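Number of protein chains: 2
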Amino acid sequence: MTDSRRLHLNAFLLNVGHHEAAWRHADSDPSGVTDLRHFQELARTAERGRLDSVFLADGLALWNDVRHGAAGGLEPLTLLSALAAVTEHIGLIATVSTTYNEPFHLARKFASLDHLSGGRAGWNIVTSAGEAEAENFGRERPAHADRYARADEFLEVVKRLWDSWDDDAIVADRVAGHYADPAKIHPVNHQGGYFKVRGPLTSPRSPQGYPVLVQAGSSEDGKAFAARHAEAVFTAQQTLAEAQEFYADLKSRLAAHGREPYEVKVLPGISPIIGSTEAEARRLEHELSELIIPEYGIKQLSGIFGHDLSGYPLDGPLPDLPPVPDGQQSRVKLVTDLARRDSLTIRQLLGRLAGGRGHRVVVGTPEQIADQLQEWFGNGAADGFNIMPPLLPSGLTDFVDHVVPELQRRELFRTEYEGSTLRDHYGLPRPAARRLAVAS
Amino acid sequence: MTDSRRLHLNAFLLNVGHHEAAWRHADSDPSGVTDLRHFQELARTAERGRLDSVFLADGLALWNDVRHGAAGGLEPLTLLSALAAVTEHIGLIATVSTTYNEPFHLARKFASLDHLSGGRAGWNIVTSAGEAEAENFGRERPAHADRYARADEFLEVVKRLWDSWDDDAIVADRVAGHYADPAKIHPVNHQGGYFKVRGPLTSPRSPQGYPVLVQAGSSEDGKAFAARHAEAVFTAQQTLAEAQEFYADLKSRLAAHGREPYEVKVLPGISPIIGSTEAEARRLEHELSELIIPEYGIKQLSGIFGHDLSGYPLDGPLPDLPPVPDGQQSRVKLVTDLARRDSLTIRQLLGRLAGGRGHRVVVGTPEQIADQLQEWFGNGAADGFNIMPPLLPSGLTDFVDHVVPELQRRELFRTEYEGSTLRDHYGLPRPAARRLAVAS
Chain B
1 MTDSRRLHLN
11 AFLLNVGHHE
21 AAWRHADSDP
31 SGVTDLRHFQ
41 ELARTAERGR
51 LDSVFLADGL
61 ALWNDVRHGA
71 AGGLEPLTLL
81 SALAAVTEHI
91 GLIATVSTTY
101 NEPFHLARKF
111 ASLDHLSGGR
121 AGWNIVTSAG
131 EAEAENFGRE
141 RPAHADRYAR
151 ADEFLEVVKR
161 LWDSWDDDAI
171 VADRVAGHYA
181 DPAKIHPVNH
191 QGGYFKVRGP
201 LTSPRSPQGY
211 PVLVQAGSSE
221 DGKAFAARHA
231 EAVFTAQQTL
241 AEAQEFYADL
251 KSRLAAHGRE
261 PYEVKVLPGI
271 SPIIGSTEAE
281 ARRLEHELSE
291 LIIPEYGIKQ
301 LSGIFGHDLS
311 GYPLDGPLPD
321 LPPVPDGQQS
331 RVKLVTDLAR
341 RDSLTIRQLL
351 GRLAGGRGHR
361 VVVGTPEQIA
371 DQLQEWFGNG
381 AADGFNIMPP
391 LLPSGLTDFV
401 DHVVPELQRR
411 ELFRTEYEGS
421 TLRDHYGLPR
431 PAARRLAVAS
Chain V
1 MTDSRRLHLN
11 AFLLNVGHHE
21 AAWRHADSDP
31 SGVTDLRHFQ
41 ELARTAERGR
51 LDSVFLADGL
61 ALWNDVRHGA
71 AGGLEPLTLL
81 SALAAVTEHI
91 GLIATVSTTY
101 NEPFHLARKF
111 ASLDHLSGGR
121 AGWNIVTSAG
131 EAEAENFGRE
141 RPAHADRYAR
151 ADEFLEVVKR
161 LWDSWDDDAI
171 VADRVAGHYA
181 DPAKIHPVNH
191 QGGYFKVRGP
201 LTSPRSPQGY
211 PVLVQAGSSE
221 DGKAFAARHA
231 EAVFTAQQTL
241 AEAQEFYADL
251 KSRLAAHGRE
261 PYEVKVLPGI
271 SPIIGSTEAE
281 ARRLEHELSE
291 LIIPEYGIKQ
301 LSGIFGHDLS
311 GYPLDGPLPD
321 LPPVPDGQQS
331 RVKLVTDLAR
341 RDSLTIRQLL
351 GRLAGGRGHR
361 VVVGTPEQIA
371 DQLQEWFGNG
381 AADGFNIMPP
391 LLPSGLTDFV
401 DHVVPELQRR
411 ELFRTEYEGS
421 TLRDHYGLPR
431 PAARRLAVAS
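From first to last, the protein sequence lines are chains B and V. If you use the UniProt record's numbering, the first sequence corresponds to residues 1 to 440, in order. If you use the UniProt record's numbering, the second sequence corresponds to residues 1 to 440, in order.
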């Protein structure tokens with residue numbers, strides 16, 4: 001069940017590119033934000049590159065500065081379902097919140113996506129910290145610990161729903177007239193602090209049993225949650241040392257839950273700015289930097305810190321700021337460390353964040369990018385990467401056409417899909433259906 | 001905006017056919033129930049026939065007798081999103097409940113489907129009467145009036161969310177760096193008895209503005225709701241006289257809401273059993289009848305009446321039964337009228353219900369089927385039909401290859417799509433975005 005130490009690559013698809021000014025660049029088409037054909041092309045390109053999956057982030061409120069930044073994309077589950085129909089191999093990872101959803105809805109939607117796609121569904125579990133999201137559901141913003149307690153119970157309920165049909169429940173014996181065996185379909189009868197759910201689910205157990213469970217929070221609660229539930233972790237790390245520390249920390253937490261290190265893939269985000277020469281890559285980086293609108297970056301930064309930064313001089317240092325809001329601590333630490341480490345002015349910090357919102361940006365030739373990936377992969381910092389192309393589709397096409405072949409030459413990446421499900425791509429086991437006593 | 005009195009045809013897709021024994025018939029493949037390729041073939045066949053739309057029903061609990069009946073299909077929004085990617089013209093109507101959903105989620109999922117499909121989304125609004133559904137969400141079963149009051153407010157909120165971006169909110173001026181005009185994106189600030197929603201929506205206004213709004217309840221509350229909100233009504237009518245009465249009743253209610261008769265299409269369900277000769281059609285009807293399992297039908301009937309009917313002799317009459325549960329009255333009346341009108345035994349009643357669960361079954365040649373449709377369409381009983389093929393895919397293929405051409409010969413049905421959206425197919429206007437004062 002262990003994979004032979006090949007790295008795992010996801011294509012993180014966001015609007016027309018991860019660079020905040022991507023929509024202003026001549027190589028993008030801003031109308032792609034809501035256009036299925038744009039995402040269909042991206043998914044097919046990623047599949048041509050034999051990537052493990054495409055991944056869509058999500059938020060339940062319009063929080064961007066819409067004047068200066070691309071905003072208003074599609075809902076991930078509907079979009080990925082559409083992409084399931086026009087791809088054959090690639091995994092499909094959707095972000096969905098446990099805080100503003102019902103386990104029954106979520107369980108059946110992911111079971112449905114997993115059936116539709118022949119076992120390619122993944123769920124990036126988020127707990128929605130923001131005030132604006134709470135206000136779209138008439139709710140108070142939940143406390144940090146409360147969000148994770150709800151998420152824990154949510155996971156318990158959805159797993160029981162996914163297990164509520166045995167794998168062999170459908171008989172389809174036409175002669176005898178037996179469609180399914182009722183003894184193999186079980187109510188859930190969950191009754192807990194947050195949820196009361198009778199079950200069973202409305203759909204049979206899906207090809208993967210459960211979608212691949214993904215998590216992205218780097219808070220203490222987030223890491224503890226990941227150690228219990230996650231099979232892949234998306235993380236933002238700027239330096240090899242920090243990435244190694246995060247990697248070792250997370251893997252060390254698994255044994256306490258009876259899990260092996262290979263059962264969780266650690267996948268830092270990385271935004272590769274690719275050129276056929278280093279000069280060409282630097283030129284693209286510069287073009288994008290020239291398109292940055294500082295007011296946009298200041299608004300994003302103010303959002304992260306929960307504090308209005310528009311009054312501070314752009315060419316002065318990042319000031320000391322009051323304690324940060326719940327749910328933003330790890331992002332704030334990452335941004336503050338970045339500014340302090342290189343003594344950046346606010347303007348310089350905005351330039352660094354524009355490419356990947358705190359994720360690592362690497363600039364260079366395909367060989368140089370591959371070197372960077374290999375260094376982290378070979379030194380206990382990553383099992384693979386969440387690829388965040390600065391421009392879409394061109395940045396993904398360049399990655400697939402030039403970086404992937406280089407990784408394949410180095411025998412670091414598959415040349416063909418070896419299985420049919422996302423679990424196969426990740427080298428993860430298919431969970432057996434459990435028959436548990438009622439949790440409460 | 002009026003259409004030239006052409007009829008409207010939807011393909012109601014259910015498992016491997018609407019006849020309850022369809023899964024036992026040699027012309028079906030029971031594995032189709034959860035197979036995207038099965039539904040993809042059906043949608044493409046319906047599109048080849050220039051039908052207005054495909055339609056998926058839904059329920060939020062596993063209520064079928066799974067031993068004897070096909071059950072466990074996919075969730076409609078995920079399935080229709082997948083079908084959006086492999087079709088170009090046909091409308092996509094998904095059933096979603098207002099009782100167990102949040103307006104914000106529903107508004108963005110339908111906006112997303114409408115963007116994905118280029119304006120082909122429709123929403124069949126249901127209010128989920130069942131006990132089993134309530135138990136999957138830890139809730140008490142809501143009272144009838146309460147369900148409709150919630151649905152009314154739900155519609156108000158989702159319309160305001162769909163209107164929260166003006167049609168021209170996105171500027172995408174790369175040179176000036178203006179992506180969207182914030183003055184054209186509006187919070188909703190809804191605060192009512194059921195919901196509190198700040199808005200705006202996370203996506204721009206979609207091609208149709210709103211998905212086409214469909215309703216299917218025939219209770220007094222259901223008809224009042226339809227008159228206020230629906231643009232298409234699915235209904236079960238057995239006789240021309242009843243259908244005419246329903247049609248006239250519903251259309252007469254529209255003026256009070258400032259609406260014109262053409263703004264609501266009345267579409268009775270019909271299950272056509274088609275043969276190249278009448279004898280061949282009768283043979284297919286007989287084959288399907290032979291596959292009926294009475295225990296299955298008795299369980300369905302017991303569910304409708306909220307009363308266990310398994311103790312009554314199959315060859316005796318339908319007994320007088322106690323008052324029926326909330327949410328089932330119109331279905332009970334339909335079934336009781338059917339039994340009494342023709343003095344049916346329980347076994348005979350089960351045979352009549354097996355084909356269409358109370359919807360009309362017509363048996364004959366393509367010409368005879370076309371005659372039936374034409375009679376209702378030409379006599380104020382229907383604006384079109386919700387086609388419920390007894391077997392899938394064969395029943396839909398037969399309809400498209402043989403009945404549709406006959407209707408086209410009679411100039412009752414389009415030979416080409418004349419527009420690109422579901423609103424175009426139905427001859428319905430695209431709603432303008434409203435800027436309303438806060439409802440409460």
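Even glycine gets a Cβ: it sits at the ideal position worked out from N, Cα and C. These numbers come from a predicted model, not from an experiment.
- CB contact below 8 Å: I93 (chain B) versus chain V: Chain V, which has no Cβ nearer than 8 Å to the Cβ of I93 (chain B), makes this no.
- Specify, as a first and last residue, the run of the alpha helix (DSSP H) that P366 (chain V) falls within. From DSSP, the alpha helix (DSSP H) with P366 (chain V) extends over 366-378.
- Message: Looking at R253 (chain V): is its Cβ nearer than 8 Å to the Cβ of P294 (chain V)?
- Response: No. Outside cutoff.
- Query: Ordered along the chain, which non-local residues of its own chain (more than five positions away) have a Cβ less than 6 Å from that of D163 (chain B)?
  - Reply: Excluding sequence positions up to five before and after D163 (chain B), its CB lies within less than 6 Å of the CB of A433, R434, all in the same chain and listed in chain order.
- Quick one: which unbroken alpha helix (DSSP H) runs of 4-plus residues sit fully inside the stretch 113-187 of chain B? Chain order, please. The qualifying runs are 131-135, 144-162.
- Per DSSP, which residues does N10 (chain V) bridge with? Please list them. Answer by DSSP bridge pairing, in chain order: V:S53, V:N386.
- Classify F399 (chain V) as helix, strand or coil using the three-state DSSP reduction. F399 (chain V): helix per DSSP, three-state reduction.
- Query: What number of angstroms, rounded off, separates the C-alpha of I369 (chain V) from the C-alpha of P142 (chain V)?
  - Reply: CA-CA distance, I369 (chain V) to P142 (chain V), rounds to 41 Å.
- Compare the beta carbon distance of I125 (chain B) and L213 (chain B) with 8 Å and say whether it is the shorter of the two. Inclusion of I125 (chain B) and L213 (chain B) in the CB contact set at 8 Å is warranted, their separation being smaller than that value.
- Beta-carbon neighbours of L77 (chain B), restricted to chain V and to distances below 8 Å: For L77 (chain B), the C-beta contacts it makes with chain V under 8 Å involve L77, T78, S81, K109, in order along the chain.
- Message: Let's test the definition: count the other Cβ atoms within 10 Å of the Cβ of R283 (chain B) and tell me whether it reaches 16, buried, or not, exposed.
- Response: Burial call: exposed.
- Item | N-terminal and C-terminal residue of the alpha helix (DSSP H) that T45 (chain B) is part of | It spans 36-48 - the alpha helix (DSSP H) in which T45 (chain B) sits, taken as one unbroken run.
- Give the secondary structure of G91 (chain B) by DSSP, where H, G and I count as helix, E and B as strand, and everything else as coil. Reduced to three states, the DSSP call for G91 (chain B) is strand.
- Message: So for L213 (chain V), helix, strand or coil by DSSP?
- Response: Secondary structure of L213 (chain V) (DSSP, three-state): strand.
- Task: Alpha carbon to alpha carbon, how far is D342 (chain V) from A85 (chain V)? Give it in angstroms, no decimals.
- Result: Just so you know, the alpha carbons of A85 (chain V) and D342 (chain V) end up roughly 46 Å apart.
- In the DSSP assignment, what are the bridge partners of Q300 (chain V)? Beta-bridge pairing links Q300 (chain V) to no other residue.
- Query: Considering only C-alpha positions, which residue in the set V:L74, V:L116, V:A339 is nearest to A57 (chain V)?
  - Reply: Comparing alpha-carbon positions, the option among V:L74, V:L116, V:A339 lying closest to A57 (chain V) turns out to be V:L74.
- Item | Rounded separation between D337 (chain B) and E140 (chain B) - CA only | Roughly 31 Å separates the two Cα atoms.
- Task: Between the Cα of L52 (chain B) and those of B:L79, B:S31, B:A11, spot the shortest distance and give me the residue it belongs to.
- Result: Reading off the sequence shown, one finds Asp at residue 52 (chain B), where the question assumed Leu. Per the Cα distances, B:A11.
- So the alpha helix (DSSP H) G222 (chain V) belongs to, where does it begin and stop? 220-229 is the extent of the alpha helix (DSSP H) around G222 (chain V).
- Message: Can you tell me which residues form a DSSP beta bridge with F234 (chain B)?
- Response: Bridge partners of F234 (chain B) according to DSSP: B:L267.
- Query: Can you find a CB in chain V that lies within less than 8 Å of the CB of K196 (chain B)?
  - Reply: Chain V, which has a Cβ nearer than 8 Å to the Cβ of K196 (chain B), makes this yes.
- Query: Under the three-state reduction of DSSP, which class applies to P103 (chain B): helix, strand or coil?
  - Reply: Helix.
- Item | Range of the contiguous alpha helix (DSSP H) that encloses Y417 (chain V) | Y417 (chain V): not part of any alpha helix (DSSP H); DSSP gives it neither H nor E.
- Using a Cβ cut-off of 8 Å, pull out every chain V residue sitting near T34 (chain B), in sequence order please. In chain order: H115, S203, P204.
- Message: With a threshold of 8 Å, are at least 3 pairs of Cβ atoms found where one atom belongs to the stretch 27-39 of chain B and the other to the stretch 296-304 of chain B?
- Response: When Cβ pairs closer than 8 Å are counted between the two stretches, the stretch 27-39 of chain B is seen not to touch the stretch 296-304 of chain B, the count staying below three.
- Does the stretch 352-359 of chain B come close enough to the stretch 257-265 of chain B that 3 or more CB-CB pairs lie under 8 Å? No: the two stretches stay apart, fewer than three of their Cβ pairs being nearer than 8 Å.
- Among V:T98, V:L344, V:K333, which has the Cα closest to the Cα of L314 (chain V)? Of the listed residues, the one whose Cα sits closest to L314 (chain V) is V:L344.
- Interface partners of N124 (chain B) on chain V, CB under 7 Å: Residues of chain V with a Cβ closer than 7 Å to the Cβ of N124 (chain B) do not exist; the shortest Cβ-Cβ separation is about 16 Å.
- Query: Any C-beta of chain V sitting closer than 8 Å to the C-beta of Q300 (chain B)?
  - Reply: Between Q300 (chain B) and chain V, the shortest Cβ-Cβ separation is not below 8 Å.
- Inter-stretch contact at 8 Å, needing at least 3 Cβ pairs: the stretch 37-49 of chain V / the stretch 384-401 of chain V: Touching, per the Cβ criterion.
- Note the first and the last residue of the continuous alpha helix (DSSP H) segment covering D29 (chain V). D29 (chain V) -> no alpha helix (DSSP H), and no H or E assigned at all.
- Query: Which residues, in order along the stretch 39-73 of chain V, keep a beta-carbon less than 8 Å from a beta-carbon of chain B?
  - Reply: For chain B, the residues of the stretch 39-73 of chain V that bring a beta carbon within less than 8 Å of one of its beta carbons are Q40, G59, L60, A61, L62, V66, R67, H68, G69, A70, A71, G72, G73, in chain order.
- Message: Give me the chain B residues within the contact set of G138 (chain V), using Cβ-Cβ distance strictly less than 7 Å, ordered along the chain.
- Response: Going along chain B in sequence order, the residues near G138 (chain V) (Cβ under 7 Å) are F195, K196, V197.
- Message: According to DSSP, is T345 (chain B) part of a helix, a strand, or is it coil?
- Response: Under the three-state reduction of DSSP, T345 (chain B) is assigned to strand.
- When the cut-off is 8 Å and only beta carbons count, does A432 (chain V) lie next to chain B? Not an interface residue.
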